[in-house]
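Have a look at the structure below, then the notes.
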Ligand SMILES: Cc1cc2nc3c(=O)[nH]c(=O)nc-3n(C[C@H](O)[C@H](O)[C@H](O)COP(=O)(O)OP(=O)(O)OC[C@H]3O[C@@H](n4cnc5c(N)ncnc54)[C@H](O)[C@@H]3O)c2cc1C
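In the working numbering, the protein residues as written are 80 to 735.
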């Protein structure tokens, strides 16, 4: 019984008991339930871990497979599925089962930054950004368990701009990464919910969508203020488009990885349906810490890992594939002797390949201009008003209603002064995520918890307007110029790496100026577009506390605001960048093989040579599909000889 079945039973009982009575005591119950989240998470994860422990055999079984895939996240789940259609695959995953609460989109922001579901990495203290964050450290969340960060993310599904991929094709010299050539891999994964289109004015390009793939994509049934936002964007010159087709600039209501209102993680899409597949073995609670190599040409033949506290070795007769995410695949490579020579030698790690691992680290940084107060009541989403017993019932029984949204309701992409000056007006470098959320009681606490922002500052900023209908934006720097880097803290795999993003440290200071322009444009549009004027939308009069000394709304105010209230949008990439062999940034070649080794690939968000200009999950799933196909093409002569195909296990999934 999953969470939804469990909740269904509860709702049935509650309905029988009389829904009116339920509604009156629901609010205290809701707050109680939110307060109990840490205990619920711990209880579930302890239980799940001990259940898994029972399944681990005492003696080592023969641990030999065709392929070992390390990490079952957005990309790894795809790779394990596609390869195990034809070959014996071991999928190693550091975490366990996805937490049942993660199925509820309305819980998404609340669940971030708990150790049971999130590795909770932190950047080093920043000097030009994140100034109002605790210790000036950006929160670098990473999802754990089967599904990885696709269990924890805010579910926005966007593929990216055509030029993102044409640029990759240029960098790699490989036309297979050009937009037109990767579209089939987006389509391969997609199960587009055409019937979820709930706004007649939205644009959908049917040619760029299909039904029937594993990954269901669609629009949530509840999307506050989105039509007003899209009309405002049009008024401001940003047309309505299908943001999952080709566009120059454009805006659209949000598309989520969602089926029947629930989160549709890569676990749900790619792993759950094939858990009985005979050729797939899953070892949960299994953390890889070293790749095994043999010979002078660094041929990978296995992985050392710790499973439920015990050291294990697994062998791969064909390839080892790292899909541990951009931060952990890079870490694993460095621990195994592939990385910058000086750095590895300083830690006493034997260098196999001197490679720029961790050097090209990129992320998207965001800030939150607003809130914009509105006069029409009940237009925005306010949790204590808009989530009642009936809403829970609606979600559980129909998969509709207020709980089907994560708080991000629409997106728009446009080009800043810099993009225009550089002749790239058709390749947007700024994103607005539109948040139709009002000023809930717990907003300061929730944002503080999710993004590591100082709660005292957010309380002063949001408290005076508590309970008001409102909306706000996340402005995101889609094409940052600055690059960061990551290092190992030590040669001990248990230590978190050191992450230095260097947000806003580009010598030109234009990264922050692009953000300032995005904030000012959001204010102008929100206060002047007719669709928002009808709601009397206006910027809250409360200035951001650390920037009080500056003229409110001036350029210097917005720069201060952006430097203080800046957070990671969790789009870490580029640490194991693909490129032409022999070029300084390349860690993997265009077929994702680790340069300087044999039988070793990286297939995850780390291979992006430049971060896509949109949220990264969609691109990472595509990388999983594209990468898996490279592997299958390499080993195609063996495919027909393989008999494991399509056989199913009698039990739920094989233990051991
Ligand atoms: C809070 C949050 C919100 C986000 N919101 C969005 C959004 O709305 N839309 C969007 O497009 N993108 C979003 N993203 C980004 C997106 O989810 C990621 O880019 C994407 O999931 C990365 O996929 P991946 O396969 O590279 O890594 P992951 O999905 O992180 O998978 C890595 C997996 O490897 C496992 N692992 C790590 N180390 C080891 C090891 N040593 N041994 C074994 N297993 C290991 C991990 O447990 C994990 O399961 C968000 C991310 C976060 C964290």
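Glycine included, every Cβ here is placed at the ideal spot set by N, Cα and C.
Segments assigned alpha helix (DSSP H), at least 4 residues, entirely inside the stretch 447–515 = Taken in chain order, the whole alpha helix (DSSP H) runs of length 4 or more contained in the stretch 447–515 are 462–465, 468–477 and 496–500.
Residue from 223, 146, 257 and 453 whose Cα sits closest to the Cα of residue 346 | For the purposes of this step, residue 346 is taken as the residue at position 267 of the chain shown. Of 223, 146, 257 and 453, the residue nearest in Cα terms is 223.
Measuring CB to CB, does residue 159 end up less than 8 Å from residue 233?
-> Working through the chain shown from its first residue, we reach residue 159 at position 80. Working through the chain shown from its first residue, we reach residue 233 at position 154. No, they are not a contact pair.
Do residue 683 and residue 674 have their C-beta atoms within less than 8 Å of each other?
-> On the chain shown, position 604 is the one that residue 683 refers to. On the chain shown, position 595 is the one that residue 674 refers to. Not a contact, by the Cβ cut-off of 8 Å.
Given residue 293 as reference, the closest of 299, 120, 161 and 465 once Cα atoms are compared = Locating residue 293 in the chain shown gives position 214, counting from the first residue. Ranking 299, 120, 161 and 465 by Cα distance to residue 293 puts 161 first.
Using a threshold of 8 Å, state whether the C-beta atoms of residue 166 and residue 400 are closer than that.
-> In the chain shown, residue 166 corresponds to position 87, counting from 1. In the chain shown, residue 400 corresponds to position 321, counting from 1. Contact: no.
Length of the line joining the Cα atoms of residue 371 and residue 349 = In the chain shown, counting from the first residue as 1, residue 371 sits at position 292. In the chain shown, counting from the first residue as 1, residue 349 sits at position 270. In a straight line, the C-alpha of residue 371 is about 28 Å away from that of residue 349.
Can we count residue 232 as close to ligand 1, meaning its CB is less than 7 Å from some heavy atom?
-> Within the chain shown, numbered from 1, the residue matching residue 232 stands at position 153. Yes, the beta carbon of residue 232 sits closer than 7 Å to at least one heavy atom of ligand 1.
Residue 172 CB to nearest heavy atom of ligand 1 below 7 Å = Taking the chain shown and counting its residues from 1, the one referred to as residue 172 is at position 93. Yes.
Residue 443 Cβ short of 7 Å to ligand 1 heavy atom set | Counting from 1 along the chain shown, the entry for residue 443 is found at position 364. Flag unset: Cβ of residue 443 not near ligand 1.
Beta-carbon contacts of residue 94 that lie in its chain and below 6 Å, excluding the five residues immediately before and after | As a first step, residue 94 must be located in the chain shown, where it is residue number 15. Residue placement at residue 94 is poorly supported in this model, since its pLDDT is 43, which falls under 50; the coordinates still yield a value, given next. Cβ neighbours of residue 94 beyond the five flanking positions: none.
Do the stretch 683–696 and the stretch 271–284 touch if we need at least three Cβ pairs shorter than 8 Å?
-> no
Rounded separation between residue 316 and residue 263 - CA only | On the chain shown, residue 316 is found 237 positions in, with the first residue counted as 1. On the chain shown, residue 263 is found 184 positions in, with the first residue counted as 1. Whole-angstrom Cα-Cα distance: 31 Å.
For residue 306, which of helix, strand or coil comes out of DSSP?
-> Within the chain shown, residue 306 is the residue found at index 227, counting from 1. Correct three-state label for residue 306: helix.
With 16 other CB atoms within 10 Å as the buried threshold, where does residue 392 fall?
-> Mapped onto the chain shown, residue 392 falls at position 313. Exposed, because fewer than 16 other Cβ atoms sit within 10 Å of the Cβ of residue 392.
Cβ contact check for the stretch 325–333 and the stretch 205–223: 3 or more pairs under 8 Å | no
So is residue 699 buried or exposed if we call it buried at 16+ other beta carbons inside 10 Å?
-> Mapped onto the chain shown, residue 699 falls at position 620. Per the 10 Å Cβ criterion, buried.
Which of helix, strand or coil does DSSP assign to residue 332?
-> Here residue 332 refers to the residue found at position 253 of the chain shown. Here residue 332 sits in strand by DSSP.
May I ask you to report which of helix, strand or coil DSSP gives residue 596?
-> In the chain shown, residue 596 corresponds to position 517, counting from 1. Of the three classes helix, strand and coil, the one that applies to residue 596 here is helix, per DSSP.
By Cβ distance, which residues of its chain are closer than 6 Å to residue 622, with the 5 residues on each side in sequence left out?
-> For the purposes of this step, residue 622 is taken as the residue at position 543 of the chain shown. Excluding sequence neighbours, residue 622 sits near 631.
Are residue 368 and residue 380 close, meaning C-beta to C-beta below 8 Å?
-> Your numbering for residue 368 matches position 289 in the chain shown. Your numbering for residue 380 matches position 301 in the chain shown. Not a contact, by the Cβ cut-off of 8 Å.
What's the gap between the Cα of residue 170 and the Cα of residue 358?
-> Here residue 170 corresponds to residue number 91 of the chain shown, with the count starting at 1. Here residue 358 corresponds to residue number 279 of the chain shown, with the count starting at 1. Their backbone Cα atoms lie some 11 Å apart in a straight line.
Beta strand (DSSP E) segment containing residue 383, residue limits = Sequence index remark: in the chain shown, residue 383 carries index 304 (1-based). Residues 378–386.
Helix, strand or coil for residue 704 per DSSP?
-> Within the chain shown, numbered from 1, the residue matching residue 704 stands at position 625. It is helical.
Have a look at 378, 450, 397 and 387 and flag the residue whose alpha-carbon is nearest the alpha-carbon of residue 736.
-> With the chain covering only 80 through 735, there is no way to say anything about residue 736.
Secondary structure at residue 186, three-state DSSP: helix, strand or coil?
-> Walking along the chain shown from the start, residue 186 turns up at place 107. Residue state, collapsed to three classes: helix.
Answer yes or no: do residue 487 and residue 556 have a C-beta to C-beta separation smaller than 8 Å?
-> For the purposes of this step, residue 487 is taken as residue 408 along the chain shown, with counting starting at 1. For the purposes of this step, residue 556 is taken as residue 477 along the chain shown, with counting starting at 1. Cβ atoms of residue 487 and residue 556: not closer than 8 Å.
Where do the ends of the alpha helix (DSSP H) carrying residue 424 lie?
-> As a first step, residue 424 is located in the chain shown; it is residue number 345 there, counting from the start. Note, residue 424: alpha helix (DSSP H), 420–425.
Where residue 703 and residue 465 are concerned, what is the direct C-alpha to C-alpha distance, given to the nearest angstrom?
-> By 1-based counting over the chain shown, the position of residue 703 is 624. By 1-based counting over the chain shown, the position of residue 465 is 386. Roughly 38 Å separates the two Cα atoms.
May I ask you to list the residues that DSSP assigns as paired with residue 646?
-> Stepping through the chain shown from its first residue, residue 646 is reached at position 567. According to the DSSP secondary-structure assignment, residue 646 is paired through a beta bridge with 445.
Would the C-beta of residue 191 count as close to ligand 1, meaning under 7 Å from any of its heavy atoms?
-> If you number the chain shown from 1, residue 191 lands on position 112. Yes.
Under 7 Å from any heavy atom of ligand 1, does the C-beta of residue 430 make it?
-> As a first step, residue 430 is located in the chain shown; it is residue number 351 there, counting from the start. Not under cutoff, so the answer is no.
Report the residue ranges of all alpha helix (DSSP H) runs contained in full by the stretch 618–669; include only those spanning at least 4 residues, in chain order.
-> 634–643
Reference residue 119, options 179, 175 and 659, closest by Cα = Position 40 of the chain shown holds residue 119. With respect to the C-alpha of residue 119, the residue from 179, 175 and 659 having the closest C-alpha is 179.
Exposure of residue 100, with buried meaning 16 or more beta-carbon neighbours within 10 Å | Stepping through the chain shown from its first residue, residue 100 is reached at position 21. At residue 100 the pLDDT is 44, less than 50, meaning the model places this residue with poor confidence and gives no usable figure here.
Candidates 574, 521, 658 and 237, of which the one nearest residue 114 by Cα = Numbered from 1 along the chain shown, position 35 holds the residue referred to as residue 114. Looking at the Cα atoms, 521 is the closest of the given residues.
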